[in-house]
Amino acid sequence: MIALQGAKVSISGNSYSDTTETDNKGYYEFKNLSPGDYTITYEEDGYKTQTKDVSLGEGELKDLGTVILEEEGDETFGKIYGYVVDVKGNPVMAVKLKLKGLRTEVKATETSDKDGFFEFAGLGRDTYVIIAKKKHYKRAKKTVKLKKDEHEEIKIKMRKTSKLINGLIR
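Every number in this note's numbering is 624 more than the matching position in the sequence shown, counting from 1.
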């Protein structure tokens with residue numbers, strides 16, 4: 625499970641309120657709180673808002689553990705699409721493209737058509753890594769961060785390998 629960096633965490637109660645964001649490990653904290661009852665609210669784009677009621681005693685340190693935010697409904701989806709081209713901008717057909725979501729671990733494979741076009745559809749909010757491979761070309765890698773319902777057009781440039789000797793014998 626990938627930590628949510630930049631998620632908004634708010635606290636209110638006992639005549640006090642504050643808001644912070646999670647760090648790159650998903651960690652947050654509120655310091656110097658008075659004893660009393662509080663409501664913690666967790667918010668992040670693409671996720672359902674969650675709340676947790678907490679009672680804090682005198683001198684008490686409270687670890688609320690890991691909160692797993694539930695994604696909002698997947699009624700609609702985003703997509704990543706585009707073209708595979710060589711260094712001169714010409715389309716490269718029959719390129720095998722593998723996509724993997726870093727958080728969701730979604731995996732998909734596509735092949736570019738005669739125009740170099742490809743499309744990965746039905747994707748949720750995530751950061752995706754796309755690896756393009758074709759014989760006699762150097763492997764290409766592209767990372768795309770997709771928001772909910774976003775359509776992202778990309779171009780993947782592939783360079784021919786120079787380690788090639790070929791010929792034809794008849």
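We put the beta carbon where it would ideally sit given N, CA and C, even for glycine.
Its Cα nearest to that of Asn-790, the residue His-760 stands out among Asp-750, His-775, Met-782 and His-760. Looking at the DSSP output, Ser-679 bridges to Asp-661.
The DSSP assignment places complete beta strand (DSSP E) segments of no fewer than 3 residues inside the region 708-744 at 720-725 and 731-735, in order along the chain. Between Val-753 and Thr-735, the C-beta gap is not smaller than 8 Å, which leaves the two residues out of contact.
Take Lys-649, set aside five residues on each side of it, and the residues of its chain with a beta-carbon closer than 6 Å to its own are Ala-627, in chain order. For Ser-639, the closest C-alpha among the options Pro-659, Phe-742, Lys-772 and Glu-696 is that of Pro-659. With contacts defined as CB atoms closer than 8 Å, Lys-779 and Tyr-707 qualify as a contacting pair.
A distance below 8 Å separates the beta carbons of Glu-668 and Leu-693. At least 8 Å separates the beta-carbon of Thr-644 from that of Gln-629. Just so you know, the alpha carbons of Asp-642 and Thr-665 end up roughly 11 Å apart.
For Thr-663, the CB contacts under 8 Å within the same chain, skipping 5 residues up- and downstream, are Ile-635, Ser-636, Gly-637, Thr-675, Lys-676, Asp-677 and Val-678 in chain order.
Residue pairing by DSSP puts Ala-756 in a beta bridge opposite Leu-721 and Ala-764. Looking at the DSSP output, Ser-634 bridges to Thr-643 and Thr-665. Glu-684 carries a coil assignment under DSSP once its states are collapsed to helix, strand and coil. Taking the C-beta atoms as reference points, Lys-762 is found nearer than 8 Å to Met-782.
DSSP lists Leu-770 as the bridge partner or partners of Asp-750. DSSP places Lys-779 inside the beta strand (DSSP E), whose first and last residues are 775-782.
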